[in-house]
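Novice: Below: one structure in structure tokens.
There are 2 protein chains.
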Amino acid sequence: MGVIEKTVRTAETTARAAELTAVALDLFEKRGFAAVTIKSIGEAAGVNSALIYYYFKDKDDLFRASIESAVDQAFEHFQALRERHDDPAEIISDWLDTHVELYQVVRKMVKVSLDYARSAKSSPEVEASIRRFYDEEAEIISACIRDGIAGGRFRDVDPRATAELISTFLDGAMVRSNILREFDLKAAVEQFRQHLWALLGVAAENRTGI
Amino acid sequence: MGVIEKTVRTAETTARAAELTAVALDLFEKRGFAAVTIKSIGEAAGVNSALIYYYFKDKDDLFRASIESAVDQAFEHFQALRERHDDPAEIISDWLDTHVELYQVVRKMVKVSLDYARSAKSSPEVEASIRRFYDEEAEIISACIRDGIAGGRFRDVDPRATAELISTFLDGAMVRSNILREFDLKAAVEQFRQHLWALLGVAAENRTGI
DNA sequence: GTCTATAAAAGGATAGAC
DNA sequence: GTCTATCCTTTTATAGAC
């Protein structure tokens, strides 16, 4: 992660490094990599900007660390989600809700990924993190759909393609909620859910999350 | 638009200003506002960077002009699209294809809009341009759907909500095609089209663009 | 209109004190 | 570990020649 990787890590250095990546992630997501200054990160974290170079090699290194932390955050939610239910329709429904209620986490990934994509820098670690995020996302949703089909609760659709439809819609919803102030994320997701149940052939009385 | 607004405009100054906005738009879309330098715009346009200040007040002014030019470009496509057909299903189908084939134009709008949204700058002109783009987009699609319903060719769905579903999906597709190199925009849109026809109740034999 | 030269400011990064 | 001071580079923007 940071520059002190090879040195001894006390509880404090770890906490500080984590705090800095969290603050940086927040700013990178809000304003984009190039628009964020090292000084502004220091200010937001309440420390002198020079301290950042104690923990991280340079701005790119900090960016890498914050993308990794975003992926980790997203994964925690994925994990929690899987453990909350065993019914596939409930998982998908909860998935949609997660994007509404905790959408900050996912939105961060989408925006930081977009940011990275246009940066022309190439870092195998960053690319691996982003891929890990999207792969896991696709895997969770399509596994749910497969389960639902196997259990006779969903119509026999293409699990992979349907998972991609869901993810793509949610990415679009993230973007629109950023661009259009009046965009009603909750209502749009609700409408999409109805639509999805129809596609999957879930009968109205069996629908969850309505 | 630019700083010479109030001075006499010769054919040459207009052409040069247009050239600069086009080059700038391209770079802003690719790398984001903060990452683009005035010097790089000058280089890409083959002129000295100082010349940019002859045509535009500052970097923000050039950004404003290039967003406006992006909206204009998108509108030309919208216009052409409406004139090409009178069958609503064909317009929607063509709309989806337009996003695939000429998606650069639309993608520019989406990315530059996102960029503007996070810039924390506020410009009534820019906001009006972006709104104009999204309003027009929503209007064209929902008018098509209304026509299709009125003509008995589509099922009785909510035109506005369905238009938003289409637009949101396309925004998501734009984002994914930027983030995930292996994302197959064409295939994703094709799959969505099938899905949309099912939703609208268009029979297989009446489907266009397959 | 377009260029050269340069001022002025901002941002990234380091040295060294504490 | 954290800070102050500072250097160096990049970038925005202007002045003025052609």
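Chains as they are written, first to last, in my numbering: chain A, 1 to 210; chain B, 1001 to 1210. Glycine is no exception: its CB is placed at the ideal position from the N, C-alpha and C atoms.
To which residues of the same chain is histidine 85 of chain A closer than 7 Å at the C-beta, ignoring the five residues directly before and after it?
Specialist: Locating residue 85 of chain A in the first sequence gives position 85, where the first residue counts as 1. Correct list, in chain order: Ile91, Asp94.
Novice: Could you check the C-alpha separation between alanine 50 of chain A and alanine 1045 of chain B for me, to the nearest Å?
Specialist: Numbered from 1 along the first sequence, position 50 holds the residue referred to as residue 50 of chain A. Numbered from 1 along the second sequence, position 45 holds the residue referred to as residue 1045 of chain B. So the two alpha carbons sit approximately 38 Å from each other.
Novice: Verify whether the separation of the beta carbon atoms of valine 106 of chain A and threonine 98 of chain A is less than 9 Å.
Specialist: The residue labelled residue 106 of chain A in the question sits at position 106 within the first sequence. The residue labelled residue 98 of chain A in the question sits at position 98 within the first sequence. Yes, Cβ-Cβ distance for valine 106 of chain A and threonine 98 of chain A is below 9 Å.
Novice: Grouping DSSP H, G and I as helix and E and B as strand, with all else coil, what is glutamine 191 of chain A?
Specialist: Taking the first sequence and counting its residues from 1, one reaches residue 191 of chain A at position 191. In the three-state scheme derived from DSSP, where H, G and I count as helix and E and B as strand, glutamine 191 of chain A is classed as helix.
Novice: How long is the line joining the alpha carbons of tryptophan 1197 of chain B and alanine 1203 of chain B, rounded to whole angstroms?
Specialist: As a position in the second sequence, residue 1197 of chain B is number 197, starting the count at 1. As a position in the second sequence, residue 1203 of chain B is number 203, starting the count at 1. Straight-line Cα distance between these residues: approximately 8 Å.
Novice: Would you decide whether lysine 1121 of chain B is buried or exposed? Buried here means 16 or more other CB atoms lie within 10 Å of its CB.
Specialist: Residue mapping note: residue 1121 of chain B aligns to position 121 of the second sequence, counting from 1. Counting Cβ neighbours within 10 Å, lysine 1121 of chain B comes out exposed, since fewer than 16 surround it.
Novice: Under 7 Å between beta-carbons, which chain B residues line up against threonine 168 of chain A? List them in chain order, please.
Specialist: For the purposes of this step, residue 168 of chain A is taken as residue 168 along the first sequence, with counting starting at 1. Under the 7 Å cutoff, chain B gives Phe1169, Gly1172, Ala1173, Arg1176, Ala1188.
Novice: What residue range does the alpha helix (DSSP H) around threonine 162 of chain A cover?
Specialist: Along the first sequence, read from residue 1 onward, the residue named residue 162 of chain A stands at position 162. Run containing threonine 162 of chain A: 159-179, per the alpha helix (DSSP H) assignment.
Novice: With a Cβ-Cβ cutoff of 9 Å, do threonine 1013 of chain B and serine 1069 of chain B count as a contact?
Specialist: For the purposes of this step, residue 1013 of chain B is taken as residue 13 along the second sequence, with counting starting at 1. For the purposes of this step, residue 1069 of chain B is taken as residue 69 along the second sequence, with counting starting at 1. Going by C-beta atoms, threonine 1013 of chain B is not nearer than 9 Å to serine 1069 of chain B.
Novice: Which residue wins for smallest C-alpha separation from aspartate 1087 of chain B, given the options B:Ile1149, B:Thr1168, B:Pro1159?
Specialist: Residue 1087 of chain B sits at position 87 when you count from the first residue of the second sequence. The residue with the shortest Cα to Cα distance from aspartate 1087 of chain B is B:Ile1149.
Novice: Going along the chain, which unbroken runs of the alpha helix (DSSP H) with 4 or more residues stay wholly within the region 1020-1070 of chain B?
Specialist: Complete alpha helix (DSSP H) runs here, min 4: 1038-1045, 1052-1055.
Novice: Quick one: is the Cβ of aspartate 135 of chain A within less than 8 Å of any heavy atom of the ligand MN?
Specialist: Ligands are entirely absent from the displayed structure, and the ligand MN is therefore not among its contents.
Novice: Need the endpoints of the alpha helix (DSSP H) that arginine 1146 of chain B sits in, please.
Specialist: Here residue 1146 of chain B corresponds to residue number 146 of the second sequence, with the count starting at 1. Segment 1124-1150, the alpha helix (DSSP H) holding arginine 1146 of chain B.
Novice: Would you please verify whether the beta carbon of isoleucine 1130 of chain B is less than 9 Å from any beta carbon of chain A?
Specialist: Working through the second sequence from its first residue, we reach residue 1130 of chain B at position 130. Closer than 9 Å: yes.
Novice: Check each candidate in B:Glu1190, B:Leu1025, B:Met1174 and name the one with the smallest Cα separation from valine 1071 of chain B.
Specialist: Residue mapping note: residue 1071 of chain B aligns to position 71 of the second sequence, counting from 1. Among B:Glu1190, B:Leu1025, B:Met1174, the Cα nearest to that of valine 1071 of chain B belongs to B:Leu1025.
Novice: How is lysine 1186 of chain B classed by DSSP in three states: helix, strand or coil?
Specialist: Indexing the second sequence from 1 puts residue 1186 of chain B at position 186. Helix at lysine 1186 of chain B.
Novice: Count the other CB atoms, across all protein chains shown, that sit within 10 Å of the CB of aspartate 1115 of chain B; report buried if there are 16 or more and exposed otherwise.
Specialist: The count along the second sequence starts at 1 and reaches residue 1115 of chain B at position 115. Aspartate 1115 of chain B is buried by the Cβ-count criterion.
Novice: Give a yes or no on whether the minimum CB-CB distance between glutamate 139 of chain A and chain B is below 9 Å.
Specialist: Numbered from 1 along the first sequence, position 139 holds the residue referred to as residue 139 of chain A. Not one chain B Cβ lies under 9 Å of glutamate 139 of chain A.
Novice: Looking at chain A, is there any beta carbon in it that lies within less than 9 Å of the beta carbon of glycine 1032 of chain B?
Specialist: One-based indexing of the second sequence puts residue 1032 of chain B at position 32. Taking Cβ atoms only, chain A reaches closer than 9 Å to glycine 1032 of chain B, which makes this a yes.
Novice: Excluding the 5 residues preceding and the 5 following isoleucine 67 of chain A in the sequence, name in chain order all residues of the same chain whose CB lies nearer than 6 Å to its CB.
Specialist: Walking along the first sequence from the start, residue 67 of chain A turns up at place 67. If we look at isoleucine 67 of chain A and ignore the five residues flanking it on each side, its Cβ neighbours are Val112, Val126, Ser129.
Novice: Using the beta-carbon of each residue, which ones in chain A are nearer than 7 Å to glutamate 1164 of chain B?
Specialist: On the second sequence, position 164 is the one that residue 1164 of chain B refers to. Ordered by position in chain A, the residues that pass the 7 Å Cβ test against glutamate 1164 of chain B are Ala188.
Novice: Does any CB atom of chain B fall closer than 9 Å to the CB of serine 123 of chain A?
Specialist: Here residue 123 of chain A is taken as the residue at index 123 of the first sequence, counted from 1. Judged by the 9 Å Cβ criterion, serine 123 of chain A is not in contact with chain B.
Novice: Which value, in whole angstroms, describes the spacing of the CA atoms of leucine 1185 of chain B and isoleucine 166 of chain A?
Specialist: For the purposes of this step, residue 1185 of chain B is identified with residue 185 of the second sequence, where counting begins at 1. For the purposes of this step, residue 166 of chain A is identified with residue 166 of the first sequence, where counting begins at 1. Computed Cα separation, rounded: 15 Å.
Novice: For valine 189 of chain A versus leucine 96 of chain A, is the C-beta distance shorter than 9 Å?
Specialist: Locating residue 189 of chain A in the first sequence gives position 189, where the first residue counts as 1. Locating residue 96 of chain A in the first sequence gives position 96, where the first residue counts as 1. Cβ atoms of valine 189 of chain A and leucine 96 of chain A: closer than 9 Å.
Novice: Spatial neighbours of phenylalanine 169 of chain A within its chain, please: CB distance less than 8 Å, with the 5 preceding and 5 following residues excluded, ordered by chain position.
Specialist: As a working note, residue 169 of chain A is residue 169 in the first sequence. Counting only Cβ-Cβ distances below 8 Å, and skipping sequence neighbours, we find Phe192.
Novice: Taking glutamate 164 of chain A as the reference, give the member of B:Tyr1054, B:His1195, B:Cys1144 with the closest Cα.
Specialist: Taking the first residue of the first sequence as 1, we reach residue 164 of chain A at position 164. Cα-wise, what sits closest to glutamate 164 of chain A is B:His1195.
Novice: Going by beta carbon distance, what residues of the same chain come within less than 7 Å of glutamate 137 of chain A, once the five residues before and after it are set aside?
Specialist: In the first sequence, the residue the question calls residue 137 of chain A occupies position 137. Within the same chain, Cβ atoms closer than 7 Å to the Cβ of glutamate 137 of chain A are found at Ser167, the five residues on either side in sequence being excluded.
Novice: Near tyrosine 103 of chain A, what residues of its chain come up, given a Cβ to Cβ distance below 6 Å and the 5 sequence neighbours on each side ignored?
Specialist: Start at 1 with the first residue of the first sequence, and residue 103 of chain A comes out as number 103. If we look at tyrosine 103 of chain A and ignore the five residues flanking it on each side, it has no Cβ neighbours.
Novice: Taking only the alpha-carbon atoms, compute the straight-line gap between alanine 1034 of chain B and alanine 1089 of chain B and give it to the nearest angstrom.
Specialist: Looking up residue 1034 of chain B in the second sequence gives position 34. Looking up residue 1089 of chain B in the second sequence gives position 89. Roughly 41 Å between the two C-alpha positions.
Novice: Which residues bound the alpha helix (DSSP H) around valine 202 of chain A?
Specialist: As a working note, residue 202 of chain A is residue 202 in the first sequence. Counted as a single uninterrupted DSSP element, the stretch harbouring valine 202 of chain A is not any alpha helix (DSSP H), since DSSP gives it neither H nor E.
Novice: Exposed or buried, lysine 1108 of chain B, counting other C-beta atoms within 10 Å across all chains shown (16 or more means buried)?
Specialist: The count along the second sequence starts at 1 and reaches residue 1108 of chain B at position 108. Counting Cβ neighbours within 10 Å, lysine 1108 of chain B comes out buried, since at least 16 surround it.
Novice: Under three-state DSSP, which class holds threonine 1013 of chain B?
Specialist: If you number the second sequence from 1, residue 1013 of chain B lands on position 13. Note: threonine 1013 of chain B maps to helix in three-state DSSP.
Novice: Could you compute how far the alpha carbon of glycine 1201 of chain B sits from the alpha carbon of proline 159 of chain A?
Specialist: For the purposes of this step, residue 1201 of chain B is taken as the residue at position 201 of the second sequence. For the purposes of this step, residue 159 of chain A is taken as the residue at position 159 of the first sequence. Roughly 22 Å separates the two Cα atoms.
Novice: Serine 1040 of chain B to arginine 1153 of chain B, Cα distance in whole Å?
Specialist: Locating residue 1040 of chain B in the second sequence gives position 40, counting from the first residue. Locating residue 1153 of chain B in the second sequence gives position 153, counting from the first residue. So the two alpha carbons sit approximately 52 Å from each other.
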